[in-house]
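Asker: Residue numbers for the sequence shown follow my numbering, so the first one is 23 and each next one is one higher.
Can you read through this structure? Questions will come right after.
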Amino acid sequence: MLRIYADALQMVRDARPLIDALARHDRDLASQLRRAATSVVLNIAEGSGSPGRVERVRYANALGSAREVRACIDASVALGLTRGFDLAEADRLDKVIATLVKVSRM
Numbered sequence: 023m024l025r026i027y028a029d030a031l032q033m034v035r036d037a038r039p040l041i042d043a044l045a046r047h048d049r050d051l052a053s054q055l056r057r058a059a060t061s062v063v064l065n066i067a068e069g070s071g072s073p074g075r076v077e078r079v080r081y082a083n084a085l086g087s088a089r090e091v092r093a094c095i096d097a098s099v100a101l102g103l104t105r106g107f108d109l110a111e112a113d114r115l116d117k118v119i120a121t122l123v124k125v126s127r128m
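This is how it looks when you write it as structure tokens:
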């Protein structure tokens, strides 16, 4: 299992208040954020148990979902619906993205 699995799981916890806040104003965006955040964790787990090319594909899927998390948060802030991630939460998401960039291209 990648060491960032714990960071990705914490990112899901970090996103929960934003998902709850979004659900009051934009259920579709809240659902998209929830699905993208959980997809990161699920694809990391699935990739960890997969051989070769399949492993890289799962990590690439996790990377796409992590970038989608970032886009959902950016959109929610732009729409004035949430405050977005604080600095520590944003740094954690950046760490997850950076690691997934590396492992999906190995």
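Beta carbons: idealized from backbone N, C-alpha and C, even for Gly.
Under three-state DSSP, which class holds Gly74?
Answerer: As a position in the sequence shown, residue 74 is number 52, starting the count at 1. Helix.
Asker: List the endpoints of the continuous alpha helix (DSSP H) containing Leu109.
Answerer: Residue numbering aside, residue 109 sits at position 87 when the sequence shown is read from its first letter. Counted as a single uninterrupted DSSP element, the alpha helix (DSSP H) harbouring Leu109 occupies residues 109-126.
Asker: Apart from the five residues just before and just after Ala59, which ones in its own chain have a Cβ nearer than 8 Å to its Cβ?
Answerer: Sequence index remark: in the sequence shown, residue 59 carries index 37 (1-based). The answer, listed in chain order, is Met33, Val34, Ala37, Ile41, Ser87, Val91.
Asker: Starting from the Cα of Arg56, find the closest Cα among Pro39, Ala67, Tyr27, Gly69 and give me that residue.
Answerer: Here residue 56 is taken as the residue at index 34 of the sequence shown, counted from 1. The shortest C-alpha separation from Arg56 is found at Pro39.
Asker: So, for Ala52: in the same chain, excluding its five sequence neighbours on each side, which residues have a beta-carbon less than 6 Å away from its beta-carbon?
Answerer: Within the sequence shown, the letter at position 30 stands for residue 52. Closer than 6 Å at the Cβ level, and outside the excluded window around Ala52, lie Ile41, Leu44, Ala45.
Asker: Just to confirm my understanding: we take His47, look at its own chain, exclude 5 residues before and 5 after, and list those with CB closer than 6 Å. What are they?
Answerer: The residue you call residue 47 lines up with position 25 of the sequence shown. Excluding sequence neighbours, His47 sits near Leu103.
Asker: Can you grab the Cα-Cα spacing for the pair Ser98 / Tyr27, in whole Å?
Answerer: The residue given as residue 98 occupies position 76 in the sequence shown. The residue given as residue 27 occupies position 5 in the sequence shown. For Ser98 and Tyr27, the distance between alpha carbons rounds to 25 Å.
Asker: Where does the unbroken alpha helix (DSSP H) through Ala105 begin, and where does it stop?
Answerer: Taking the sequence shown and counting its residues from 1, one reaches residue 105 at position 83. One point to set straight first is that residue 105 is Arg, not Ala, in the sequence displayed. Arg105 -> no alpha helix (DSSP H), and no H or E assigned at all.
Asker: Could you tell me the distance, in whole angstroms, from the CA atom of Arg80 to the CA atom of Leu101?
Answerer: For this step, residue 80 is matched to residue 58 along the sequence shown. For this step, residue 101 is matched to residue 79 along the sequence shown. If I take the Cα positions, the gap works out to 31 Å.
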